[in-house]
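Visitor: In the working numbering, the protein residues as written are 42 to 452.
The beta-carbon is built from N, C-alpha and C at its ideal position, and this holds for glycine as well.
Predicted, not measured: the structure shown is a model, and the values here were computed from it.
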Amino acid sequence: HTQSPHCCMYPATQTSHTCSMVASEPPTQMSLTIDKSSTLTSSITLRASDPATSSINAAMEEQSAVKDFEGTPVKEEADLSSDGNETSKNSSSDPPRKLERKLSISEQASAGSTGRLRAPAYLRFIEKPFRVKNVLTHQYLEEATGHAMDVSARGPINQTGTFVGAAMMRLAAIAAGGPNEVIYHIKASSLLTVGSLIVGIVAGVTMPLVGALVDHTSHRKLMGASSAFIIVLSVGLQIMLNEDTWFAVWILEIFGGYFLIMHQVCTMSYLPDLTHDVEEMGHYTARFMQTQYFIQGIYTSIVIAVGFSVPLTNLDTAKLAAGMSCGIGAICFGYSWIFLFRRRPQLRELPPGNNLYTTGFKQLYKTFRHVFKNYHSLKWFMISLLFSPEAGAGVVLAIAVTFLTFIVEMD
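1) Please state whether the Cβ-Cβ distance between leucine 238 and methionine 210 is less than 9 Å.
2) Based on the DSSP secondary-structure assignment, which residues constitute the bridge partners of lysine 174?
3) So, threonine 203 versus valine 442, is the Cβ gap smaller than 9 Å?
4) Aspartate 318 to alanine 371, Cα distance in whole Å?
5) Which residues in the same chain as cysteine 367 place their Cβ atom closer than 7 Å to its Cβ, once the five residues preceding and following it in sequence are excluded?
6) Please report whether the beta-carbon of serine 377 lies at a distance below 9 Å from any beta-carbon of chain C.
7) Below 8 Å on the Cβ atoms is my guess for serine 147 versus aspartate 314; work out the distance and round it to an integer in Å.
8) Let me know the secondary structure DSSP gives lysine 143 once reduced to three states.
9) Taking 6 Å as the limit between beta carbons, can you name the residues of its chain near glutamine 104, skipping five residues before and five after?
10) What residue does the alpha helix (DSSP H) around glycine 219 start on, and which one ends it?
11) Among residues of its own chain, excluding the 5 on either side of lysine 262, which ones have a beta-carbon nearer than 6 Å to its beta-carbon?
12) Under 9 Å between the Cβ atoms of valine 192 and tyrosine 181?
13) Looking only at its chain, what residues have a beta carbon closer than 8 Å to the beta carbon of glycine 196, apart from the 5 residues adjacent to it on each side?
14) Let me confirm a value: alanine 327 is counted as buried when at least 16 other C-beta atoms fall within 10 Å, else exposed. Which label applies?
15) Report the CB separation of valine 176 from glutamate 321 in whole angstroms; it is logged as a contact under 8 Å.
16) Is there contact here, the segment 350-365 with the segment 216-226, by at least three beta-carbon pairs under 8 Å?
17) Would you kindly work out how many angstroms separate the C-alpha atoms of isoleucine 227 and leucine 426, rounded to a whole number?
18) By Cβ distance, which residues of its chain are closer than 7 Å to tyrosine 225, with the 5 residues on each side in sequence left out?
19) Distance, Cα to Cα, phenylalanine 498 vs valine 205?
20) Within a Cβ cutoff of 7 Å, which residues of the same chain sit near phenylalanine 171, ignoring the five residues on either side of it in sequence?
21) Do you know offhand how far glycine 375's Cα is from alanine 269's?
22) Identify every residue that forms a DSSP beta bridge with lysine 228.
23) State buried or exposed for glutamate 184, treating a residue as buried only when at least 16 other CB atoms are found within 10 Å of its CB.
24) If we ignore side chains and look at the alpha-carbon of each, how far apart do proline 392 and threonine 399 end up?
25) Here's the rule I'm using: 16 or more other beta-carbon atoms within 10 Å means buried, otherwise exposed. How should histidine 179 be labelled?
26) In whole angstroms, give me the CA-to-CA distance for isoleucine 448 and glutamate 222.
27) Pick from Tyr311, Ile280 and Glu390: whose alpha carbon is nearest that of asparagine 355?
28) Go to aspartate 357, then tell me how far its alpha helix (DSSP H) extends in each direction, as first and last residue.
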């Protein structure tokens, strides 16, 4: 899997190549080893006190060197120093190193960062609880920490709809004269389900365009940061919920729900960049889900505990929930998208004859045909997902809140 021209991966040939670059102190020293008897392998080791040192440039130099030496029927080792001198050694005395893993795109982006947007030392304590160690290198990756902080913000924000939605429907029912009465052409008891329906339809129509913008432009980080800001703003403004502003809060719920889906598209586009190894990816995703639901559980428990220990009304509890989730979102979203996620270049060029408005829909159609024709197990798995709670989690939550509020009459 390669999403960047700088990824350190080359096709198998009958040549062995190892490139080691030490950039901590000048002069820079590079060693190349050519061995005809084994499969082409490559590795890059960077040690730099300056965070601006770029492994991407080393990878490009490495690729150029491989093209020059590929297919050469010789066995030698050359030491190239900064003054251009070259000496030969016996390769048997210094055996070539074997490839253990290749740099992921996230690792290359972190190494190639200028460091201008790195978190100051006095703020780095914020990210420590969210760090996820790589199972192979035992190192922490900045964008993996960013993913953990991002999902930790999304969990409480998702849960906020439970508290705000219940209070909002009660206020709508009071204004309409009853849960079965109509206000603003919507039955009061159907307020949340109609809002979820609007979000689902608009997202289904526009997400192919969002995906095209993520893939075919260099605005991936800008879109992720902007959608995170809109989500936090919409949740924070829900604190103004009362009998006069409930309809405005309903509109904010719709906007927040839509941009939350858009934000997930942007965030998921970073996920394959973390690693090329299946074991590492499984470890990362498992830890992300554990972190999300752990933070969401703590958040929900605190809101419920405060609601029982302090005499709060349903409306006060909703405001408390909105305020807490806004604070968590501002910290986690803000830190991760300012300091941890890196910019990405354009992933691929637009196909000839396509534009940003149509290429997403065309790609979906091609994928649909390919899956249904060649992958029958995947086809039925995708069909089954249409009837799963994950496909309509917002709708299921809206129905549950409506049922518990007006049928069970829970506070």
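Guide: Quick answer:
1) Against the sequence shown, residue 238 aligns to sequence position 197. Against the sequence shown, residue 210 aligns to sequence position 169. Against a cut-off of 9 Å, the Cβ pair of methionine 210 and leucine 238 comes out as no contact.
2) Position 133 of the sequence shown, counted from the first residue, corresponds to residue 174. Bridge partners of lysine 174 according to DSSP: Tyr181.
3) One-based indexing of the sequence shown puts residue 203 at position 162. One-based indexing of the sequence shown puts residue 442 at position 401. Against a cut-off of 9 Å, the Cβ pair of valine 442 and threonine 203 comes out as a contact.
4) Along the sequence shown, one-based indexing puts residue 318 at 277. Along the sequence shown, one-based indexing puts residue 371 at 330. Straight across, the Cα-Cα distance linking aspartate 318 with alanine 371 is about 32 Å.
5) To locate residue 367, count along the sequence shown from 1; it is residue 326. Sequence-distant partners of cysteine 367 (beyond 5 residues in either direction) whose C-beta falls short of 7 Å from its own C-beta, in its chain, are Val273, Val276 and Gly277.
6) The chain inventory of the structure shown lacks chain C, comprising one protein chain alone.
7) Taking the first residue of the sequence shown as 1, we reach residue 147 at position 106. Taking the first residue of the sequence shown as 1, we reach residue 314 at position 273. Between aspartate 314 and serine 147 the Cβ distance is about 5 Å, and since that is below 8 Å, they are a contact.
8) As a position in the sequence shown, residue 143 is number 102, starting the count at 1. In the structure shown, lysine 143 sits in coil (DSSP, three-state: anything other than H, G, I, E or B).
9) Along the sequence shown, read from residue 1 onward, the residue named residue 104 stands at position 63. Caution applies to glutamine 104, whose pLDDT of 43 falls short of 50 and renders its modelled position unreliable; the model cannot decide the point.
10) Numbered from 1 along the sequence shown, position 178 holds the residue referred to as residue 219. Segment: none, glycine 219 is in no alpha helix (DSSP H) and carries neither H nor E.
11) Within the sequence shown, the letter at position 221 stands for residue 262. The residues are Phe382 and Arg384.
12) On the sequence shown, residue 192 is found 151 positions in, with the first residue counted as 1. On the sequence shown, residue 181 is found 140 positions in, with the first residue counted as 1. Their beta carbons are not under 9 Å apart, which means valine 192 does not touch tyrosine 181 by this criterion.
13) Position 155 of the sequence shown, counted from the start, is the residue given in the question as residue 196. Exclusion of the five residues before and after glycine 196 leaves Gln333, Tyr334, Ile336, Gln337 and Tyr340 as the residues of its chain whose Cβ lies within less than 8 Å of its Cβ.
14) Against the sequence shown, residue 327 aligns to sequence position 286. Per the 10 Å Cβ criterion, exposed.
15) Translated into positions along the sequence shown, residue 176 becomes position 135. Translated into positions along the sequence shown, residue 321 becomes position 280. Confirmed, about 6 Å.
16) Contact between the segment 350-365 and the segment 216-226 is absent, because fewer than three Cβ pairs lie under 8 Å.
17) For this step, residue 227 is matched to residue 186 along the sequence shown. For this step, residue 426 is matched to residue 385 along the sequence shown. Answer to the nearest angstrom: the Cα atoms are 30 Å apart.
18) Looking up residue 225 in the sequence shown gives position 184. If we look at tyrosine 225 and ignore the five residues flanking it on each side, its Cβ neighbours are Phe288.
19) For residue 498 there is no data in the structure shown, the boundaries of the chain being 42 and 452.
20) The residue labelled residue 171 in the question sits at position 130 within the sequence shown. Taking phenylalanine 171 as the centre and dropping the five residues before and after it, the same chain places the C-beta of Thr186, Ala189, Met190, Ser193 and Thr332 closer than 7 Å to its C-beta, in chain order.
21) The count along the sequence shown starts at 1 and reaches residue 375 at position 334. The count along the sequence shown starts at 1 and reaches residue 269 at position 228. Answer to the nearest angstrom: the Cα atoms are 8 Å apart.
22) Numbered from 1 along the sequence shown, position 187 holds the residue referred to as residue 228. In DSSP, lysine 228 forms a bridge with Val223.
23) For this step, residue 184 is matched to residue 143 along the sequence shown. Taking all protein chains in view, the Cβ of glutamate 184 is crowded by 16 or more other Cβ atoms within 10 Å, so the residue is classified as buried.
24) In the sequence shown, the residue the question calls residue 392 occupies position 351. In the sequence shown, the residue the question calls residue 399 occupies position 358. Rounded to whole angstroms, the separation of the alpha carbons of threonine 399 and proline 392 is 11 Å.
25) Counting from one through the sequence shown, the residue named residue 179 turns up at place 138. Histidine 179 comes out exposed.
26) One-based indexing of the sequence shown puts residue 448 at position 407. One-based indexing of the sequence shown puts residue 222 at position 181. Approximately 15 Å between the Cα atoms of the pair.
27) Residue numbering aside, residue 355 sits at position 314 when the sequence shown is read from its first letter. Measuring from the Cα of asparagine 355, the nearest candidate turns out to be Ile280.
28) As a position in the sequence shown, residue 357 is number 316, starting the count at 1. For aspartate 357, the uninterrupted alpha helix (DSSP H) segment begins and ends at 355-376.
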